[in-house]
Structures are given as structure tokens and as C-alpha cells.
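Asks: Here it is, the structure in full.
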Amino acid sequence: MNISINNTSPILSCRLNPLPSNTSFKTSCETLLKRIKRLDARTLNCILAYDDPDKPLIDDGKHTYFWYLAIGSMINPISLHLRDITPIISYPVKCPNHKLVFRDQCRMADIEECQGEEFDGVVHLVPIEQMDRLDQVEHMYKRIIVKIIDYEQRSHLVYVYKMNLIGEKERPKSTPSERYLDIIVKGCEYFGVRSSYINRLKYEQPVIPRKLPNTYRTIENIPDNVYYTNEELARHDGKDPTLPLWISVNGKILEYIGLPSQNHSDYDNQKRFYDFVVSYFGGREVVPAISRSWYEPMYKLPLNDDDICDEHRILAEDMCVSWGLNCCSGDTNKIYWKPIGRLPVGDFNNDIRVDIVVANYRNNTVSVLLGYGNGSFANQLTYSTGYVPISVAVGDFNKDTRLDIVVANGGGDTVSVLLGYGNGSFENQTKYTTGHYPYSVAVDDFNSDTRLDIVVVNNAGNTVSVLFGYGNGSFANQTTYGTGSYPISVAVGDFNNDTRLDIVVANQHDGTVSVLLHYNKGSLGNEIKFASGGGSRLQYVAVDDFNNDTILDLVVVNYGTNDIGILFGNGNGSFLEQKKFLTGSNPDSLATGDFNKDGQIDFAIANYGSKNIDMLLGNGKETFTRQVTDGSSFTFAPVIVTTSDFNNDGQSEIIVAYDHTDNIDIFVALDTGSFTKQTAYTTGRYPQSVAVGDFNNDTRLDIVVVSLHDKTMILRFGYGDGSFSGIIGYLTGSGPSSIVVDDLNNDIRLDIVVANEGDNTVSVFLGYGHGSFANQTTYSTGNSPISVAVGDFNSDMLLDIVVANVGDNTVSVLLGYGNGSFADQTTYSTGSSPYSVAVGDFNNDIRVDIVVANYRNNTVSVLLGYGNGSFANQTTYATGSSPYSLAVGDFNNDTRPDIVVANEGDNTVGVLLGCGNGSFANQTTYSTGSSPYSVAVGDFNNDTRLDIVVANEGDNTVSVFLGYANGFFANHATYSTGRSPCFVAVAHINNDTRLDIVVVNQDDDSIGVFLGYFNNGFQYLMTLLTGTRSVPRSLVVADFNNDTYMDIVVTNSGTNNIGIFLGFGNISFANQITFATGSGPWSLAIADLNNDNRLDIIVSNINDSNVSVFLGYGNGSFGNQTIYSTGINSEPYSVAIGDFNNDVLLDIIVANYRASNVVILFGSGGGRFTDSKVYLVSYGSFPFSVVVGDFNNDTKLDFAVANYGSDNLKILLQTC
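The structure is reproduced here in C-alpha cells:
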């Protein structure tokens, strides 16, 4: 098509008739599409250079792409993103001699030949690897070729999808839904389709109006009191021909009945639909996937399950009904689905959010923590159990669709059953007798009567007890079976494929597992023992299918031998010898989950002895890889670990309980961006710099190194697996110190530039494209050129050279002619001893600028470019001591280039965030190893956030800092190098989508290659510093600067101030801004005290016996405090806000600890307070907390006071 790309993204435009969906669509675009990395303009132009308008394909010799004309929902960028279609370029076009129609019951877009007419669409250039995916998405269509014309009247052949015929006939035309047309219109607006065509769609195309939420259809006729577990649902995924296909729709389980006959006219389409359901929905809850993929622009696209609003959930169910998923007609030529039951979840209060229940064995209770759906939980609610509760399980024991709890009471030889009310609360316990010292409990239906039963192992009695349920919450007396010695854990599964549940028990004392096979009517056969090995001290057992053969396996935790053992099942009740995987010291507990979103089972193991959590990632093929988990070392020993997906992102988090502590911790699984040990390759003598590129056009990256003492440039050609060939050398000038690669003469072949410090030149080596180079051409520079970079400084699309001259404190700019030759240098002054140079557009004027690290005066110099090859005088910014190297990147995702500097003199890296106007904020420093000499940037853990790597010359290491995308970085991880690493570079060395590191080891005469690999670890998120000796006592979260992002205010009782942390909306915060208070600020409240729609702050000061009022300006800053007394020596411990005299003005209420009273300061308007009233609580009561509310529903505000001295709670009701 011969078009040039400037890499500018399309801008969202407003609709002529705005709908509520505009805001949701814009929010979805901003959230999702900013994650997409776009190709740079130069790469795009290189691809388009191979374009032939008479072909729908482009082959540039490395990759193949195809032109795809989108006519329906795939015009919309959100639809493309949801289907993993990633065009490298998109633009609007016209399709002549065709018109757009809508067909069939699906009411989707189709193309129809019609001479003289035309319609508009959007053409996407898509990698050929995504064609199969697109074919699957468009399963009702076939791919054809048509001619399009772009808005500059250039024609091209492209692929388009045309709807399949029914027999030999076109499908009947229909009217699109308003939702579907809205998706198309928004896509047209996004990609700049002509407004005249958009207006035709919006105002002339008839639509079927959107349904109102109260008219959405739901799946009905669900059998009462029939429940299936998640495990049962997962087994019916359509992949086992002996089991029918099941899906879940909002917890309602549907069973698939069958296809129409093969001679039916719609058989092919229905078969494709069946295959589609199996591939994407089989054995799963479908609503989250439907809500994301078949999205409704009226609602914000959900990023996780908790993001789905109720209307969206019901809409998804209505769509399932429209697809026939609840069609139970008698027509055997149509597929239909039969409702068969429901899916209970770990949800005690029926809010579709996962909750937690914990057995507290020291105080004979269970704690219930209700989840908020975002990974956080409410304070615990406790319920009494029997003596020494040691294990807990949940299920619906009385078939009221509400989850109940069963607890094994080790000290009382009982189990306690607590029936749930469905609102998060439970009845008092009912106890049932077990064997001696019940230690582990599980639930399932052992006698196929659709009623849940209980199984418990009795540790001191060497038995397992089964209590059969009556379905009303009560249970029969136990039936016992023998086990091995000291059974400690129990799990349930069908081990011999007879459709009957069996039991497996881990026996701690004799190191065995017992398998009890199930005969009919709930009875069990004799045990079969599997030895775990000498001294294993079995501690825990779990069951699942770990190798994807549809046969259940076992995993045991071996406390004594520091490993876990997996016994893979044969499907007949027998197992292979255990396959062991090492863990930390004394593993105590295990949980399963998916920590890397690959759909395979992984393990989290709590190691009691080494006080950490191990992660073992499974590949579904009987192999588990142990991850490095440095971030999960604890002060106390973990004894229990379990998993759940708390934020509904498809990735499991873990919960850990510790020995002799009163807390549990939640950790998230994160890719830590790890690297292998270095592989060293020899170079010439005293190597200085390295660069990476594909010099022989074999799609494998090669390495080039310059060696100071040899005056050579050494090449090693890559094999694509991280290893390299032998050496090929070229002579350079004297003292080569720096090297850079790029295409200097526009022949699509990489060339090389070397800075020669010893003879004040740069050498240019033009590449032939097959791994060899022309002899060097040299150009004069300033004195002692030590660093080189390239960029287009005069906006002629030709690359130029810039060199830092350490000997005369200048940079030299050599403008390129585009044929590999360069003009004479022009020099510009820098600071003292410029050691490193880089380029970027620091003021967003589309002109390339220069930045230099000045070693001797501890600054960086920024020279802003005029776009004509000349530059403004330097502006300097302070760095750390002796900045030796620098690099450029966007570290806070604000599209403005930032700078990172390696400060060799004080062992830090400094990050200077760019303001976008050519200026930079003060540096933020992070500690490195000794003498950091070189720095580079890249995304090492594939989280779309830039990270930093530093070569530490003084201690022979590299430091890797993972970025948070807010300008801050995690503490560094270190890797050993050779001697005196002086330069570092990053690249995809072994073609595995992970960035690798190359280090120049100066004193070893070698380079070291560190290959990046995926490594998950458990990590906590971040810390906010409140100042030395600040002693924070109270905090509140609110939006103080009206930017819709939550901010934090904290009372710092040690430094007598409040600190404000303004939020950026991405879980990062600006540094604290403080405001002086009285002495001993203790408690906080916030409200709009002066009715200006800006939040104000109230603080109680216990040492001064007063409160401070700060009126807010609405921008995150506040006026000086106004002081109000609460009484002499009163010590106000708690403050709250409310209107206590019904004058529509807010008042302040304070609980005074030392005075044992409550004071109300009545508001008089404008944020001022005049009159007050004192309420005596009682002498010596020492009130420490006050809360307000209407406790008797008389529309008058009351308050309650908690009292330390009298150990009670007093409520004072307002009577007038």
C-alpha cells in the first residue's frame, strides 16, 4: 500500500447522540488498550515496504501478515483485544460494489455484493499466526477476498469474512440489536471512519432496542436441593466421551443433551458451536467469560469477576437463554440443555465473594472472615466449637442453598456442625461423636443419595469415621474403618473409575498412605498401603488429577525428608511409586492452585523448619518446577497454607497461618524476572562495551564487543538458543570504548559505530547483511570519545551520531547523509567528564534531544534539540556521586521519558522522572552493589513495566530492580558476574519472549550471558514511609484532591503532624505532605465542614487536649489548623462527626479518655464551631472510642462510647 506510519494512536471522539455507553467504552479503552505495545514507526515502514496491493498478504522475509477487513464487531478495538487479535496497523476504508447487511437469528453483520453501492469498514494488518484464531472466532463465516479503497483512493485486496450459506441459500436478513450496532459505531468512531457513514448507522439503520435489565430472561426449572461440586463440574468438560458436557451459568448447572442429526441443514453450524462451547466453557462457570467477550458497552468491561455488575451478570444469563442453553423443546433436531442442579461456592453470605473460615484450636472457636471481593476481608466473627478444633470443611448439609461448617474437635472426640443462615452468620453447634482425637475432616456424598456426608480421620485411634447425612443438617452415628498408624490427613476421590468415591488417608507414624475403595451403599473395602519412605513423617495429603489423564492422583507432604511425593494413579485403585520433588525444611502443609494462569495445577508448600513458602509450578505432564521464593521468608514458622482467587483475576493467592501468632497473611503470586547463572564467552583483551543485533539476517541475535587493548571489534553469531559461535574480528581505531548498532544507510542491514577513545575518532562499519562488514570509515570527534549513541537529530529520517568526549567536556554531533557517511562534527559543551550519552524526546516536540552523565560534577546535562541538527545549551540536574552511565525509559507510564543514572561514587542508581517539557524532578535513589558502572532498562518479568539492570564493577555483580510503573522500584536482586563488569546490555538472546542480559567482564576478558526465565514468587506490595519517629496512630482513606483517586491521611503522633499521601490510581502514591497539628495527634475524622464540596480534616490532640480543624482546598492541600479546646487535661482519644442538633450543620464529638466524658462541639457554619456540651460517662470509665448513628430509628443521631476503665459500651440516645 506504500503508506508511511507516524505511530500516532487514534483519539476517541464523542458521539453525536451521547449515550451512557460512551463513558464505559472510553474507560475500557483506557484500561485495556494502554497495555498494548505498538511497533515503532520505523519497523512498520520496513514491513510495509514489502506490501503488494494485489495481494492480501505481506511477507517481509521474517514474518507474514494478512490484511483483514472488519465489518462488524471486530471493527471495535475492545472486541479485537478480547479475542487476542493484535493488528499492527488499522485504518478506515471503503468497500465498493458491496453493502453491509445483517442476517439470521444472530443478527450479525455480513457482506453482500451490490453493484454501485459501497460501505465503510476498518482494515487491520494482522500477524499470520492469528489467522486460525480469527477463523475460530468467525466460525459462522468463510474467508473470501475483496477489493477495498482507502480514503486516499488507493486500492488493495484484503480478506473479509462472509456468512456461510444454509444449503445453497443466503441466510435471511434481520435487524441488528442496539448493543451490536453500538459496538460497531464506537469502533468506527475510534478508527476515524467517515462521519457520514457513522451517521447512516446511527440514525438510519433500524435496530432492536436494548432490553431493560428487568426484562432479562433467566434460566429456570433448576431442580431443588441438587448440588454439585466444582470438581464434579470440571470433570464434565466435554473431553471425556463417557461423561456429558456441563456448564455453569451464574451457578446454575446445565447438561448438554445432543446435536441435531447429521443430515440436518444446520448440523455444521451447531457442531461448530458445540466445539466452541467445549473449548471455552466446558466444565466451567461461563458468566465471567461471556461478560468479557460478548461485552455490553453500557457497562464497563470487567477486569475480573468482582468487576461484573449485577445487570451485566443477568444480561450474560439472558444471552445464554437466547443461544438455546435453556431450550427443552421436543425437537430432537435442535441442541438443548437440561438444568440439573446448582453449584455451591465458598460464599457464606451469598454475595458471590469468597469468604474464609479458620479453626482456632487454642480458644475453641472458628473465625469467619467475610470477603469484600478485592482480596480484603471484614473483621472476624467467632463461633464456639468443641474442645481443640483442628480442621474445618464446608458444605450445604441441609439443602437450603446456604453453606454450613463442620469442625473436627481433636480434644473432644467430636465433630461440630454449624448450620449457616446465608448472611454470614451460623447457628450454634451440634456435636457428633467420632473416634479418638479427630484430626482432619472432609465432606462429600459417599452413598449417592445426593446428601452430603462427613469423613474424619481419628489420629489417636488409627481409624477413619464416616457419618452419613440425612439432608436436613443432621447425621447418623459414625461407621469406622481401620487406617495406618496416626492418620493425620484425609482426602476424597474416585481412584478406580467406578463412579464411587474412595478415601485416602496419610498415616504420620508409619509413613504410609491408606486407600479405602468404596463398595456399594457407602461401604469401604480394606485399605491398601503405599509407603512413603524411611523417616518421611507424612504430614499432609491431597488429591487431584495432576497429569491431566482424567485419573486421580495423590500428593503427600513428607516432613522428615523435606519433599513432597506424588503418586500417579492407574485408574484401578493402585498407584505408581511416588515421584518426589524437593521443598524447604520440614514441609508441614500443602495447597493447590494456579499461580501462573496456565490452567495447570501448582503447589504451595508451607515449610515449618525453613519458615518459608515454596511454589512448585506444574506443566500438566507429571513435572513440577520449584520457584525461587525469597520474598516469602517469615519470622514465624508457617503451619497451614491454603489458596483462593480473591480478586477474580484467574490467578490464585495464598493465605498463611503461623505457629504461635495471632494473624494470617495473604500473598500474591508475581513473576520475579529471574536469570540463569552467566555463561561466559571469551573476547579480546580488556573488553569495554557490547551491543546486540542480527548481523547475518538469520532471525537470531548476535553479539559484538569492542576490546580496548586489542583495538578490535569481536563478533559472535547466535544460534538462537542463548549460545554463540566462535570469534570473527575487525580492527577499530585506538582505544575502542563504546559501540552501538543500527541501520545507518537504509539498506535494512545493521551497521556498527565504535567510539575510539585513544585516537579521537568514531569508526563506522557498514554491514553486508550476511555477517560481514566493510572496512571502517573514521570520523574525527572531540578529545577522548567514550560513549556513542545514534538518533535522527535533524528530522530528515536519516540517522545521525552523537559522541560524549570525556577529554574536553563536549558532545560531538555528526549528521548522517543516509548512505553511511557523515558530516563533520559540531560540538556542544557539557558538564565535567561526560562519561555516557543517550537520546530521547524529553519535551514532547517530536525532536530528538541529548542527555549526558557528567562524572566529575555529579550532574546530567540535557540538550534540547531544535530538530535541525542543532541543540540548545545544556540544562543540568543533580545526580548522586560520580554518575558513570545513564539510560532513558518511561518508568511511571506517563508517556514522558525519564532518566536513570548509575552513580559509581555512592553505590546507587538515581531515577529522574521527566515532566514532559524537558525538565526533570529530583532524583530518587536506590542502593546497588559496589561501584555501579553501567545501567540498562527493559521489561524483565513481562508485566509491561520497565525494570533496571546495573553492572557493579566493584563486587562483580549485576543488580536487577523490578519497576512498579509509578516511578518506583523494588529492592534489587543480584547475580554474580565475571571480574569487573563494566557494561551491561539487554536483548532477546534465545527467542523465548524473555529479555536476557549481556555483561562485559573487563578483567576476565569475557562477556557473560544471563538468560531470563519465568519465576513466580510470593510477594507483598509496598511500604509508605511516614518519617523518622513518626509513630502513626490513625489513618483514613478519601479523595482529597478531587482526581477520583483515593488518597491517604495519617496522624503521626511522634512528630505532631498529619501526613497526606496523594494517590495516582495505580496503588502508588506521592511522597508525604505534612501539616502541623497539636501535640500527640491521635484520632482522625473527615467531612465537608463548610459545604464547599471539599473534604476537611479533624484531628484530636491528646497531649494538648484539643482538636485541630483543617479546611481543604480541594487540591490535596489544606489551610492552617484552627484549634478548639476539649477541656483541661481531657486527653481526647477519639473524634467523630455528625449533626447532633438537627440544624443541618455538622458537629464534632470527642471521647475524652482522662476526663471520662464526651464533648460535642456544635457547628456554626463555614467550618467554625462555637457552643459545646459535655456528657459525663462515669467516673474512671476512660472512654477511648466514640461512634455515631441512629440506633433507635427515630431519624436522630445517637452515639456510643467504648470505655476502657469500666470495660463496657454505653449508648446515649438523642431525645430532642
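The sequence shown begins at 1 in full-length UniProt numbering and counts up by one. By construction, the Cβ of each residue, glycine as well, lies at the ideal position given by its N, Cα and C atoms.
1) So, with DSSP's three-state summary, where would you put glycine 187?
2) What is the C-beta distance between serine 1100 and valine 1135, in whole angstroms, given that I count them as a contact (C-beta under 8 Å)?
3) For glutamine 380, which residues in the same chain have their Cβ closer than 6 Å to its Cβ, ignoring the five residues on either side in sequence?
4) Counting pairs of Cβ atoms below 8 Å between the segment 972 to 992 and the segment 920 to 931, do you hit three or more?
5) Rounded to whole angstroms, how far is the Cβ of serine 829 from the Cβ of valine 852, which I believe are closer than 8 Å?
6) Taking all protein chains shown into account, decide if proline 176 is buried (16 or more other Cβ within 10 angstroms of its Cβ) or exposed.
7) Since glycine 914 and glycine 880 should fall inside the 8 Å C-beta cutoff, what is the C-beta to C-beta distance between them, to a whole number of angstroms?
8) Quick check: the Cα distance between leucine 912 and phenylalanine 920, rounded to an integer number of angstroms?
9) Skipping 5 residues on each side, what residues in its chain have a beta carbon closer than 7 Å to that of serine 9?
10) Can you give the beta carbon distance from threonine 433 to aspartate 413, rounded, assuming they're within the 8 Å contact cut?
11) Please return the same chain residues whose Cβ sits closer than 7 Å to the Cβ of alanine 531, not counting the five positions on each side in sequence.
12) To which residues of the same chain is tyrosine 180 closer than 6 Å at the C-beta, ignoring the five residues directly before and after it?
13) Taking three-plus beta-carbon pairs below 8 Å as touching, is the segment 861 to 870 in contact with the segment 786 to 794?
14) In terms of DSSP beta bridges, what is serine 738 paired with?
15) Under three-state DSSP, which class holds arginine 179?
16) Taking three-plus beta-carbon pairs below 8 Å as touching, is the segment 197 to 207 in contact with the segment 229 to 245?
17) Is the beta carbon of threonine 561 sitting closer than 8 Å to the one on serine 514?
18) Take aspartate 563 and list the residues in its own chain whose beta-carbon comes closer than 7 Å to its own, dropping the five residues that flank it on each side.
19) Once the 5 residues before and after leucine 1212 are set aside, which same chain residues still bring their CB inside 8 Å of it?
20) In chain order, which continuous runs of the alpha helix (DSSP H) of length 4 or greater are located wholly inside the segment 426 to 499?
21) Compute the distance between the beta-carbons of leucine 516 and aspartate 444, then report whether it is under 8 Å.
22) Per DSSP, asparagine 1057 forms a beta bridge with which residues?
23) Can you tell me where the beta strand (DSSP E) holding methionine 163 begins and where it ends?
24) Under DSSP, the beta strand (DSSP E) around serine 416 begins and ends at which residues?
25) For glutamate 113, count the other beta carbons within 10 Å of its own beta carbon; 16 or more makes it buried, fewer makes it exposed. Which is it?
26) Could you please give the first and the last residue of the uninterrupted alpha helix (DSSP H) stretch that includes isoleucine 198?
27) If you reduce the DSSP assignment to three classes, tell me which class leucine 1212 lands in.
28) Could you have a look at serine 1083 and say whether DSSP puts it in helix, strand or coil?
29) Which runs of the beta strand (DSSP E) spanning at least 3 residues fall entirely within the segment 987 to 1020, listed in chain order?
30) Can you tell me whether threonine 463 is buried or exposed, with buried defined as 16 or more other CB within 10 angstroms of its CB?
31) Please work out which residues of its chain come closer than 7 Å, Cβ to Cβ, to threonine 1126, disregarding the five sequence neighbours upstream and downstream, and give them in chain order.
32) Tell me, please, which residues DSSP counts as bridged to lysine 338.
33) How big is the Cα-Cα spacing for serine 763 and isoleucine 601?
34) Going by DSSP in three states, asparagine 1157 sits in which element: helix, strand or coil?
35) Please list the terminal residues of the continuous beta strand (DSSP E) segment that includes phenylalanine 66.
36) Between which residues of its own chain and aspartate 453 is the CB-CB distance below 8 Å, once the five residues before and five after are set aside?
Replies: Short version:
1) Within the sequence shown, numbered from 1, the residue matching residue 187 stands at position 187. Of the three classes helix, strand and coil, the one that applies to glycine 187 here is helix, per DSSP.
2) Taking the sequence shown and counting its residues from 1, one reaches residue 1100 at position 1100. Taking the sequence shown and counting its residues from 1, one reaches residue 1135 at position 1135. Right, their Cβ atoms sit about 4 Å apart.
3) Indexing the sequence shown from 1 puts residue 380 at position 380. Excluding residues within five positions, the ones whose Cβ falls inside 6 Å are Ser367, Leu369.
4) yes
5) Residue numbering aside, residue 829 sits at position 829 when the sequence shown is read from its first letter. Residue numbering aside, residue 852 sits at position 852 when the sequence shown is read from its first letter. Actually they do not touch by this definition, with Cβ atoms about 10 Å apart.
6) On the sequence shown, position 176 is the one that residue 176 refers to. That one is buried.
7) Here residue 914 refers to the residue found at position 914 when the sequence shown is read from its first residue. Here residue 880 refers to the residue found at position 880 when the sequence shown is read from its first residue. Not confirmed; about 18 Å, so no contact.
8) On the sequence shown, residue 912 is found 912 positions in, with the first residue counted as 1. On the sequence shown, residue 920 is found 920 positions in, with the first residue counted as 1. Whole-angstrom Cα-Cα distance: 6 Å.
9) The residue labelled residue 9 in the question sits at position 9 within the sequence shown. With a pLDDT of 26 at serine 9, under the threshold of 50, the predicted position of this residue should be treated as unreliable, and no value is reported.
10) As a working mapping, residue 433 is identified with position 433 in the sequence shown. As a working mapping, residue 413 is identified with position 413 in the sequence shown. Right, their Cβ atoms sit about 7 Å apart.
11) Walking along the sequence shown from the start, residue 531 turns up at place 531. Residue placement at alanine 531 cannot be trusted, given a pLDDT of 45 that sits under 50; the coordinates are not used to answer.
12) If you number the sequence shown from 1, residue 180 lands on position 180. Once the five neighbours on either side are set aside, tyrosine 180 has no close Cβ partner at all.
13) yes
14) Here the question's residue 738 lines up with position 738 in the sequence shown. Partner(s): Ala755.
15) Within the sequence shown, numbered from 1, the residue matching residue 179 stands at position 179. DSSP places arginine 179 in helix when its eight states are reduced to three.
16) no
17) Counting from one through the sequence shown, the residue named residue 561 turns up at place 561. Counting from one through the sequence shown, the residue named residue 514 turns up at place 514. No, the Cβ-Cβ distance between threonine 561 and serine 514 is not below 8 Å.
18) Mapped onto the sequence shown, residue 563 falls at position 563. Closer than 7 Å at Cβ, skipping near neighbours: Lys580, Phe581, Leu582, Thr583.
19) The count along the sequence shown starts at 1 and reaches residue 1212 at position 1212. Excluding residues within five positions, the ones whose Cβ falls inside 8 Å are Val1158, Tyr1175, Asp1198, Phe1199, Ala1200, Val1201.
20) none
21) Here residue 516 corresponds to residue number 516 of the sequence shown, with the count starting at 1. Here residue 444 corresponds to residue number 444 of the sequence shown, with the count starting at 1. In this structure, aspartate 444 does not lie closer than 8 Å to leucine 516 by Cβ.
22) Indexing the sequence shown from 1 puts residue 1057 at position 1057. DSSP, once it has assigned bridges, lists Asn1052, Ala1076 as partnering asparagine 1057.
23) As a first step, residue 163 is located in the sequence shown; it is residue number 163 there, counting from the start. Taken as a continuous stretch (DSSP letters only), the beta strand (DSSP E) holding methionine 163 covers 155 to 163.
24) Position 416 of the sequence shown holds residue 416. Unbroken beta strand (DSSP E) run through serine 416: 414 to 418.
25) The residue you call residue 113 lines up with position 113 of the sequence shown. By the neighbour-count rule (16 or more Cβ atoms within 10 Å), glutamate 113 is not buried but exposed.
26) As a first step, residue 198 is located in the sequence shown; it is residue number 198 there, counting from the start. 195 to 203 is the span of the alpha helix (DSSP H), which, as asked, contains isoleucine 198.
27) The sequence position of residue 1212 within the sequence shown is 1212, counting from 1. Residue state, collapsed to three classes: strand.
28) Taking the first residue of the sequence shown as position 1, residue 1083 is located at position 1083. Serine 1083: strand per DSSP, three-state reduction.
29) 996 to 1001, 1006 to 1010, 1016 to 1019
30) Numbered from its first residue, the sequence shown carries residue 463 at position 463. Classification for threonine 463: buried.
31) Reading the sequence shown from its first residue, position 1126 is the one you call residue 1126. For threonine 1126, where only same-chain residues beyond five positions count, the Cβ hits under 7 Å are Ser1105, Asn1106, Val1107, Pro1132, Val1150, Asn1152, Val1159.
32) In the sequence shown, counting from the first residue as 1, residue 338 sits at position 338. Beta-bridge pairing links lysine 338 to Glu255.
33) By 1-based counting over the sequence shown, the position of residue 763 is 763. By 1-based counting over the sequence shown, the position of residue 601 is 601. When rounded, the distance between both Cα atoms is 55 Å.
34) Residue mapping note: residue 1157 aligns to position 1157 of the sequence shown, counting from 1. Three-state result, asparagine 1157: strand.
35) For the purposes of this step, residue 66 is taken as residue 66 along the sequence shown, with counting starting at 1. Looking at the DSSP string, the run of the beta strand (DSSP E) that includes phenylalanine 66 is 64 to 70.
36) In the sequence shown, the residue the question calls residue 453 occupies position 453. So the qualifying residues of the chain are Val443, Asp444, Asp445, Phe446, Asn447, Val466, Leu467, Phe468, Gly469, Phe475, Gly522.
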